[in-house]
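Participant: The structure under discussion is supplied below as structure tokens; questions concerning it will follow.
Numbering (the numbering used here), first residue to last: 1 to 174.
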């Protein structure tokens, strides 16, 4: 009988030691997560630089259904400015517009394609990037890549920005 009592007591002690080790491990882990960030100032995840996969789930309201992920004036102005070119794809959430090849009837031996990247949700000149691709017909009638001038892309960017400003001003007046 004495032997059974000892085993019971030893098991209780071991369970107590295991619970103590577990509690110490949890407390050490929690205190290690606290770290020392700038003298104990509290920062939220949205204040920290870098990629944040949970951005938009806290503090700020989620975007409304049907809302686009870029500046609306730049988006509309880009579509208006490039309306003469056939549209290959448009992603309003990623801010990318890709046109198909456009051939000017006055110059049937060359064609152009444009890609517009809207990089910001604010109406800013550096929130827009336009790339123009050019092809010319060779002697055999096939299309060959050619360099488009940088001025062409700059002119398209300026036209989009001018149209975006007009759209913004007309929106303010109403």
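We put the CB at the ideal spot given by N, CA and C, even for glycine.
Return the first residue and the last residue of the alpha helix (DSSP H) that residue 106 is part of.
Facilitator: Neither: residue 106 is in no alpha helix (DSSP H) and is coded neither H nor E.
Participant: Please report the Cβ distance between residue 130 and residue 153, rounded to the nearest whole angstrom; I am assuming they are in contact, meaning their Cβ atoms lie under 8 angstroms.
Facilitator: That belief holds up - the Cβ atoms of residue 130 and residue 153 are roughly 5 angstroms apart, short of 8 angstroms.
Participant: Rounded to the nearest angstrom, what separates residue 142 and residue 105 at their Cα positions?
Facilitator: Straight-line Cα distance between these residues: approximately 17 angstroms.
Participant: Straight-line CA distance for residue 71 to residue 92?
Facilitator: In a straight line, the C-alpha of residue 71 is about 9 angstroms away from that of residue 92.
Participant: What's the gap between the Cα of residue 162 and the Cα of residue 109?
Facilitator: Near 30 angstroms, if we compare the C-alpha coordinates of residue 109 and residue 162.
Participant: Round the Cβ separation of residue 117 and residue 95 to the nearest angstrom and send it over; I've been treating them as touching at under 8 angstroms.
Facilitator: Indeed they touch by this definition, with Cβ atoms about 6 angstroms apart.
Participant: Do residue 156 and residue 88 have their C-beta atoms closer together than 8 angstroms?
Facilitator: No, the pair does not count as a contact, with Cβ atoms beyond the cut-off.
Participant: From residue 167 to residue 73, what does the alpha carbon distance come to, in whole angstroms?
Facilitator: Rounded to whole angstroms, residue 167 to residue 73 spans 6 angstroms at the Cα level.
Participant: What distance in whole Å lies between the Cβ atoms of residue 112 and residue 84, which are believed to be in contact at a cut-off of 8 angstroms?
Facilitator: So it is not a contact: roughly 11 angstroms between Cβ atoms.
Participant: Suppose you measure from the CA of residue 150 to the CA of residue 80; what does that come to, to the nearest Å?
Facilitator: For residue 150 and residue 80, the distance between alpha carbons rounds to 21 angstroms.
Participant: Please report the straight-line C-alpha distance between residue 125 and residue 82, rounded to a whole angstrom.
Facilitator: Roughly 17 angstroms separates the two Cα atoms.
Participant: Just to confirm the assignment, what range does the alpha helix (DSSP H) spanning residue 155 have?
Facilitator: Start and end: 150-173.
Participant: Could you give the DSSP three-state label for residue 145: helix, strand or coil?
Facilitator: Of the three classes helix, strand and coil, the one that applies to residue 145 here is strand, per DSSP.
Participant: Nearest CA to the CA of residue 121: which residue from 144, 76, 172?
Facilitator: Here the closest residue by C-alpha is 76.
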